[in-house]
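One structure is given below, encoded as structure tokens.
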Amino acid sequence: IRRLSYAEMRGPSVTLDGQRVGLHINAGLLVELSHLEQTGADGVGLFRTEFQFMVADTLPRLDAQAAVYGSVLDAANGKPVVFRTLDLGGDKVAPFAPSMVEPNPALGWRAIRMGLDRPGLLRYQLRALIQAAAGRPLHVMFPMISAPWEMRAARAMLERELQHAEHNRHPLPSEVKIGLMLETPGIAWAIEHVIDAVDFVSVGANDLMQYFFAADRQNARVSDRYDVLSPAALGLFRQIRNACAKHDVPVSVCGEIASKPLEAAVLIGLGYRSLSMAAANLGPIKKLISGLDADKLGTWLASRMDSPADSLRPLLLNAGAEAGL
Ligand code: PEP
Ligand code: MG
């Protein structure tokens, strides 16, 4: 891996063959926004809004929500921030929410399912986001979408809130981009039927892989049992990327795999040009990318995607320069 100068470390991320790769940070707390400047990241690819709710004893009021979102946008200083709407339930519990006993919480009433069934909660959050982003761009994405109708219903709710703000003569965001967080195999297979309703896609690979392999991401006995570098999983990532490219819809990956060297390289080889990760991993990934021949890796991968191997990992580790690594 080539050494990068200090200026290069803070500059844009570019592969050896000149491909620009957008690198963004995942965040959930205002204090984390300082990492944008420190890492030279292009923006916040995932802002987990539920953190504010998980540390509160009572439901945060609209103004309190808007204050946090406004401060996040101020701190981002013009760099784009993708706000993910509430992703409660499953592994994320808010103290004020009634404790629910579900046989399979990860497969239960969570995230957008809760947001659509209890529209008051989601509607107020969207109102707070619109208020906070007055006069500046707003990027919102919806988690755990499993079927096209959920995306359409969530989009309609946001559009209604924009109309509500306009009707009340509140200042509007300068532009609004609405994203689908792709975390379930169901929506991956239905992407062609929903892509017209989205401005961008962000692959939540932690959950996507959990559901793809039916392996609990929080259970160490099974979470490492399957390899995301298996031809099957890579086929899914390729299909998602190609569907988005066909429709000219920007696509990014924001799960943990974006921050792991070999996995990040493979995603770039499959054509992804935007990754979002914990800030601490951004420097090492940028360095890795600077030594990567994306075109060569893409060709290498294409000829191995039908391999009967459980994982391409050993092949990749042995391939080195031949695979563009
Ligand atoms: C994911 O599922 O990949 C993701 C980024 O969201 P979270 O880890 O918050 O579920
Ligand atoms: Mg998730």
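Using my numbering, the final residue of the sequence shown is 1093, and nothing's skipped along the way. In this text, a Cβ means the ideal position worked out from N, Cα and C, and glycines have one as well.
query, result
"Cβ separation of residue 857 and residue 882, assumed to be a contact under 8 angstroms, to the nearest whole Å", "6 angstroms"
"Residue 941 in three-state terms, based on DSSP", "strand"
"Residues that residue 947 bridges to, as DSSP identifies them", "909 and 968"
"Through-space distance from residue 908 to residue 944, alpha-carbon basis", "8 angstroms"
"Beta-carbon spacing of residue 1012, residue 1021 below 8 angstroms", "no"
"Local conformation of residue 847 per DSSP, three classes", "coil"
"The segment 927-942 in contact with the segment 976-996 per 3-pair CB rule at 8 angstroms", "no"
"Spatial distance of residue 1079 from residue 994 (CA atoms)", "9 angstroms"
"Beta-carbon gap between residue 897 and residue 837 smaller than 8 angstroms", "yes"
"First through last residue of the alpha helix (DSSP H) which encompasses residue 1049", "1047-1058"
"Straight-line gap, residue 801 to residue 903 (C-alpha atoms, nearest Å)", "20 angstroms"
"Proximity test, residue 975 beta-carbon vs the ligand MG heavy atom, cut-off 7 angstroms", "yes"
"Distance CB(residue 1037)-CB(residue 1062) smaller than 8 angstroms", "yes"
"Residue 1041 vs residue 778 beta-carbon contact at 8 angstroms", "no"
"Cβ pair residue 813, residue 1044 closer than 8 angstroms", "yes"
"For residue 1087, the residue or residues it bridges with in DSSP", "According to DSSP, residue 1087 bridges with nothing at all."
"Start and end residues, beta strand (DSSP E) containing residue 974", "Premise fails: residue 974 lies in the alpha helix (DSSP H), 973-981, not in any beta strand (DSSP E)."
"Assigned secondary structure, residue 1039 (DSSP; H/G/I helix, E/B strand, else coil)", "coil"
"C-beta contact flag for residue 950 and residue 980 at 8 angstroms", "no"
"Local conformation of residue 1015 per DSSP, three classes", "coil"
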